[in-house]
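Visitor:
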Amino acid sequence: MTLYIVVPCYNEEAVLPETSRRLAEKLETLEKAGKISPASRVLFVDDGSKDRTWELISALHRRDPRFGGVKLSRNRGHQNALLAGLMTAKDCADAVISMDADLQDDVDAIDRMVDAFAQGFDIVYGVRSSRRTDTFFKRATAQGFYKFMKLMGVDIVYNHADFRLMSRRALEGLSDYEEVNLFLRGIVPLIGYPSTTVEYERAERFAGESKYPLKKMLAFAFDGITSFSVKPIRWVTAAGFLIFVASILALIYILVVKLLGFAVAGWSATTASIWLLGGLELLGLGVIGEYVGKIYTEVKSRPRYLIEAVELTPGVIQPRESGTEQ
Ligand code: UDP
Ligand code: MG
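Each residue of the sequence shown is one higher than the last, beginning at 1153 in our numbering.
1. Residue ranges of each beta strand (DSSP E) run of no fewer than 3 residues wholly in the region 1325-1378, ordered along the chain?
2. Where does Gly1220 fall in DSSP's three states?
3. Between which two residues does the beta strand (DSSP E) carrying Asp1198 extend?
4. Can you find the residues in the same chain that come closer than 8 angstroms, C-beta to C-beta, to Glu1170, ignoring five residues on each side of it along the sequence?
5. Using C-beta distances below 7 angstroms, list every residue in its chain close to Thr1293, excluding the 5 sequence neighbours before and after it, in chain order.
6. If you drop the 5 nearest sequence neighbours on each side, which residues of the same chain put their C-beta closer than 6 angstroms to that of Phe1396?
7. Could you tell me the boundaries of the alpha helix (DSSP H) in which Val1266 lies?
8. Could you tell me which of Arg1316, Gly1392 and Phe1288 sits nearest to Gly1278, measuring between CA atoms?
9. Taking the alpha-carbon positions, what's the Gly1200 to Asn1227 distance?
10. When the Cα atoms are used, what is the spatial distance from Asp1203 to Ala1373?
11. How is the alpha helix (DSSP H) around Val1408 delimited, first residue to last?
12. Hey, is the region 1345-1353 in contact with the region 1384-1403, meaning 3+ C-beta pairs nearer than 8 angstroms?
13. Going by the CB atoms, is the gap between Ile1249 and Ile1308 shorter than 7 angstroms?
14. When you compare each of Gly1220, Ile1339 and Ala1398 to Glu1324 by their alpha carbons, which one comes out closest?
15. On the premise that Val1159 lies in contact with Val1197, defined as a C-beta separation below 8 angstroms, what is that separation, rounded to the nearest angstrom?
16. Identify, in the order they occur along the chain, each residue of the same chain with its Cβ nearer than 6 angstroms to the Cβ of Asp1252, setting aside the five sequence neighbours on each side.
17. DSSP three-state label for Ile1249, please.
18. Given 6 angstroms as the limit, tell me if Cys1161 has its C-beta closer than that to any heavy atom belonging to ligand 1.
19. Go through its chain and collect everything with a Cβ distance to Phe1297's Cβ below 6 angstroms, but skip five positions before and after it.
20. Going residue by residue through the region 1163-1213, where are the continuous beta strand (DSSP E) segments of at least 3 residues, counting only ones entirely within it?
21. Kindly list the residues whose CB is nearer than 7 angstroms to the CB of Asn1232, restricted to its own chain and excluding five residues on each side of it in sequence; keep chain order.
22. Is it right to say Phe1288 is buried, meaning 16 or more other beta carbons lie within 10 angstroms of its own, or is it exposed?
23. Which same chain residues, not among the five before or five after His1312, have their C-beta less than 6 angstroms away from its C-beta?
24. In whole angstroms, give me the CA-to-CA distance for Thr1423 and Gly1441.
25. In whole angstroms, what is the alpha-carbon distance linking Ser1172 and Trp1206?
26. Tell me Val1158's beta-bridge partners as DSSP assigns them.
27. From the DSSP secondary-structure annotation, give me the bridge partner or partners of Leu1317.
28. Compute the minimum distance between the beta carbon of Gly1229 and the heavy atoms of ligand 1, and state whether it is under 6 angstroms.
29. Can you name the residues that DSSP bridges to His1230?
30. Do you know offhand how far Ile1469's Cα is from Thr1154's?
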């Protein structure tokens, strides 16, 4: 089988020489073991780097045909870079593995992924067995992120980032998800097909700095939630409803105070209207939001299903006899 390894790179000149060396080594051993064909490749995606990343990639390609490169017109972010690589690779490969350029993803887990593919799995998720090498802050935010996603009703694989193998048909399926707000970790489990996980120890970044500062991380988490869940909108509706109920209670209270003659002139009307209008407004916003949410999921036009197998022996369709037509 032909394997492609897709590696998104954003300003990764510091790690590329080592990454390419280790991946070439990996391809070689897998090829010698007869697990992959000589047509297998490493495909680097340059995500609009500002350093010498692209020069390094094209130099690698000139030196060794096992390296390929895709260059994006500008920085589009990790997820889009990854997709560009996957979609380029899918037409040439039987299976594609995506991994980070900084060698945090264990190169040796590739063997086990390829084995799982040979056993018939379409998607193999690389799952971190521990986060010992992460800083406390990174670990806490990452764990919080997975828990929060779960709470919001987004089904993602725990402790899995974007280190995974996908078969060609899984990638064909992925190409039918025409989302602009791309969140691969959420979409890949939706594709279905037989899948399994492979555990690996997450290493320290080999060189260079993280390209995911807190700001990007938060934007990524927010994107993940809003492109998979309408729960935030539901909460607005619920809050609106609760406040509306509370406003009715407030109204009764205001009436009682008024009837008992304790009210300052103008107080009842002002207070009642604030509560009532506030509640109604929020409720209205929530309901409108609900429809916007529906339009939103509709506009995405995700595929409604992907057919895995068909067991059907179609009968022979009888040609219509001439003369019996009316
Ligand atoms: N990356 C990318 N585009 C970006 C940011 C990051 O292609 O805008 C790549 C980066 O080169 C690396 C991978 O995404 O291969 C993961 O990034 P990084 O290691 O900086 O993230 P961290 O491991 O710190 O979460
Ligand atoms: Mg990293």
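Where a beta carbon is used, it is the ideal one built from N, C-alpha and C, also for glycine. Quick caveat, the model's predicted, so the values are computed rather than measured.
Guide: To lay it out plainly:
1. 1347-1352
2. One-based indexing of the sequence shown puts residue 1220 at position 68. Gly1220: strand per DSSP, three-state reduction.
3. Position 46 of the sequence shown, counting from 1, holds the residue named residue 1198. Counting along the chain, the beta strand (DSSP E) containing Asp1198 begins and ends at Arg1193 to Asp1198.
4. Walking along the sequence shown from the start, residue 1170 turns up at place 18. Contacts found: Leu1255, Phe1358 and Ala1359.
5. As a first step, residue 1293 is located in the sequence shown; it is residue number 141 there, counting from the start. Met1369.
6. Numbered from its first residue, the sequence shown carries residue 1396 at position 244. So the list reads Gly1431 and Leu1435, once near-sequence residues are dropped.
7. Stepping through the sequence shown from its first residue, residue 1266 is reached at position 114. Val1266 -> alpha helix (DSSP H) spans Ala1261 to Ala1270.
8. Position 126 of the sequence shown, counted from the first residue, corresponds to residue 1278. That would be Arg1316, whose Cα lies nearest to the Cα of Gly1278.
9. Sequence index remark: in the sequence shown, residue 1200 carries index 48 (1-based). Sequence index remark: in the sequence shown, residue 1227 carries index 75 (1-based). Their Cα atoms are separated by approximately 4 angstroms.
10. Position 51 of the sequence shown, counting from 1, holds the residue named residue 1203. Position 221 of the sequence shown, counting from 1, holds the residue named residue 1373. One C-alpha to the other measures close to 27 angstroms.
11. For the purposes of this step, residue 1408 is taken as the residue at position 256 of the sequence shown. That run of the alpha helix (DSSP H) goes Lys1383 to Leu1412.
12. no
13. Start at 1 with the first residue of the sequence shown, and residue 1308 comes out as number 156. Start at 1 with the first residue of the sequence shown, and residue 1249 comes out as number 97. Contact: no.
14. Numbered from 1 along the sequence shown, position 172 holds the residue referred to as residue 1324. Measuring from the Cα of Glu1324, the nearest candidate turns out to be Ile1339.
15. In the sequence shown, counting from the first residue as 1, residue 1197 sits at position 45. In the sequence shown, counting from the first residue as 1, residue 1159 sits at position 7. The pair is a contact, with the Cβ atoms about 7 angstroms apart (cut-off 8 angstroms).
16. Along the sequence shown, one-based indexing puts residue 1252 at 100. Hits under 6 angstroms: none found.
17. Numbered from 1 along the sequence shown, position 97 holds the residue referred to as residue 1249. Note: Ile1249 maps to strand in three-state DSSP.
18. If you number the sequence shown from 1, residue 1161 lands on position 9. Checking the Cβ of Cys1161 against ligand 1 gives yes.
19. Counted from its first residue, the sequence shown places residue 1297 at position 145. Excluding sequence neighbours, Phe1297 sits near Ala1373.
20. 1193-1198
21. Indexing the sequence shown from 1 puts residue 1232 at position 80. Once the five neighbours on either side are set aside, the close Cβ partners of Asn1232 are Leu1334.
22. Residue mapping note: residue 1288 aligns to position 136 of the sequence shown, counting from 1. That one is exposed.
23. Here residue 1312 is taken as the residue at index 160 of the sequence shown, counted from 1. Tyr1277 and Val1279.
24. Position 271 of the sequence shown, counting from 1, holds the residue named residue 1423. Position 289 of the sequence shown, counting from 1, holds the residue named residue 1441. Each residue's alpha carbon lies about 27 angstroms from the other.
25. Position 20 of the sequence shown, counting from 1, holds the residue named residue 1172. Position 54 of the sequence shown, counting from 1, holds the residue named residue 1206. Going by the C-alpha atoms only, they are around 13 angstroms apart.
26. Within the sequence shown, residue 1158 is the residue found at index 6, counting from 1. In DSSP, Val1158 forms a bridge with Leu1195 and Ser1250.
27. Along the sequence shown, one-based indexing puts residue 1317 at 165. Answer is Ile1249 and Val1276, bridged to Leu1317.
28. Sequence index remark: in the sequence shown, residue 1229 carries index 77 (1-based). Indeed, a heavy atom of ligand 1 lies less than 6 angstroms from the Cβ.
29. Your numbering for residue 1230 matches position 78 in the sequence shown. DSSP, once it has assigned bridges, lists no residue as partnering His1230.
30. Translated into the one-based positions of the sequence shown, residue 1469 becomes position 317. Translated into the one-based positions of the sequence shown, residue 1154 becomes position 2. Below a pLDDT of 50, predicted positions are generally treated as unreliable, and Ile1469, at 46, falls in that range; the measurement from the model is reported next regardless. Cα-Cα distance, rounded: 40 angstroms.
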